[in-house]
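A.B. asks: In this note's numbering, the protein residues as written are 852 to 1057.
Handing you this structure, nothing more for now.
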């Protein structure tokens, strides 16, 4: 089966990955020390150069918090000080990774980016069968996306150097679980294999 990938940029929003973000204490030190934004920027550039769709996902809630889960220990602080409000600076993609006008930006209200969103419809419309995952955090959105996408019959590749969470130990533990339903790779390996596959396909046609 021909590999038709899309690059997913998951939850790399100001609230999490900018020093002024209200959740910058969660994993910003790991994002910076591991160069996650730089690696993701490189993945985006490679994808655009090769015509691979780039799809963004941002987490947040409507003003007034009607769709906020009050029983969630994860999102409990979101109601404190209007954190993660869609349409505000906090839920915008970090400036270094800004989407282009034609690139989809999917807003989600839970960890799972497929739940209650049009992400699957968007991917099917793009003819995608393989998802390349980048983002934060490894133990939440990356793991959740990998599992759900697996059950929706997508191939999944987690670009390990473009993901992070609150500690290296938790990151590695999450990747151990990810490997049950996805391949763990890197930006260069994933996009390099795409390039090689395309070149082989071209040679076969010739």
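From the three backbone atoms N, C-alpha and C, an ideal C-beta is built for every residue, glycine too.
Just mark residue 1016 as buried or exposed, buried being the case when its beta carbon has 16 or more other beta carbons within 10 Å.
C.D. replies: buried
A.B. asks: Where does the unbroken alpha helix (DSSP H) through residue 882 begin, and where does it stop?
C.D. replies: Note, residue 882: alpha helix (DSSP H), 875 to 884.
A.B. asks: Return yes when the Cβ of residue 905 is within less than 8 Å of the Cβ of residue 895, no when it is not.
C.D. replies: Closer than 8 Å, so yes.
A.B. asks: Please classify residue 921 as buried or exposed, where buried requires at least 16 other C-beta atoms within 10 Å of its C-beta.
C.D. replies: Classification for residue 921: exposed.
A.B. asks: Looking at residue 945: is its Cβ nearer than 8 Å to the Cβ of residue 868?
C.D. replies: yes
A.B. asks: Report back the beta-carbon spacing between residue 919 and residue 930 to the nearest angstrom; my notes put them in contact at under 8 Å.
C.D. replies: Residue 919 to residue 930, Cβ: 6 Å. Contact.
A.B. asks: Could you compute how far the alpha carbon of residue 989 sits from the alpha carbon of residue 854?
C.D. replies: The alpha-carbon atoms of residue 989 and residue 854 are separated by roughly 24 Å.
A.B. asks: Any chance you could list the alpha helix (DSSP H) runs of at least 4 consecutive residues sitting entirely within the region 973 to 1035, in chain order?
C.D. replies: Restricting attention to alpha helix (DSSP H) runs no shorter than 4 residues, the region 973 to 1035 encloses them at 994 to 1002 and 1019 to 1029, ordered along the chain.
A.B. asks: Here's the rule: buried if 16 or more other CB atoms are within 10 angstroms of the residue's CB, otherwise exposed. What is residue 863?
C.D. replies: buried
A.B. asks: Ordered along the chain, which non-local residues of its own chain (more than five positions away) have a Cβ less than 7 Å from that of residue 935?
C.D. replies: 866, 910, 911, 912, 929, 941 and 942
A.B. asks: Looking at C-alpha atoms only, which residue of 959, 858, 981 and 1019 is the closest neighbour of residue 883?
C.D. replies: 1019
A.B. asks: Give the DSSP-derived three-state secondary structure of residue 895 in the structure shown.
C.D. replies: helix
A.B. asks: Closest by CA to residue 1038, which one among 985, 967 and 974?
C.D. replies: 985
A.B. asks: From what residue to what residue does the alpha helix (DSSP H) around residue 944 run?
C.D. replies: It is not in any alpha helix (DSSP H) - residue 944 carries neither H nor E in the DSSP assignment.
A.B. asks: Which residues mark the beginning and the end of the beta strand (DSSP E) in which residue 859 is found?
C.D. replies: 856 to 861
A.B. asks: Please work out which residues of its chain come closer than 8 Å, Cβ to Cβ, to residue 925, disregarding the five sequence neighbours upstream and downstream, and give them in chain order.
C.D. replies: Listed in chain order, the non-local C-beta contacts of residue 925 below 8 Å within the same chain comprise 962 and 991, local neighbours out to five positions each way being set aside.
A.B. asks: Quick check on this structure: which residue in 1035, 1002, 856 and 873 has the alpha carbon closest to the alpha carbon of residue 897?
C.D. replies: Checking every option, the nearest Cα to that of residue 897 belongs to 856.
A.B. asks: Leaving out five residues before and five after residue 872 in sequence, what residues of the same chain have Cβ atoms less than 7 Å from its Cβ?
C.D. replies: 865, 866 and 941
A.B. asks: For residue 1023, count neighbouring C-beta atoms within 10 Å of its own C-beta (all shown protein chains included) and say buried if the count is 16 or more, exposed if not.
C.D. replies: exposed
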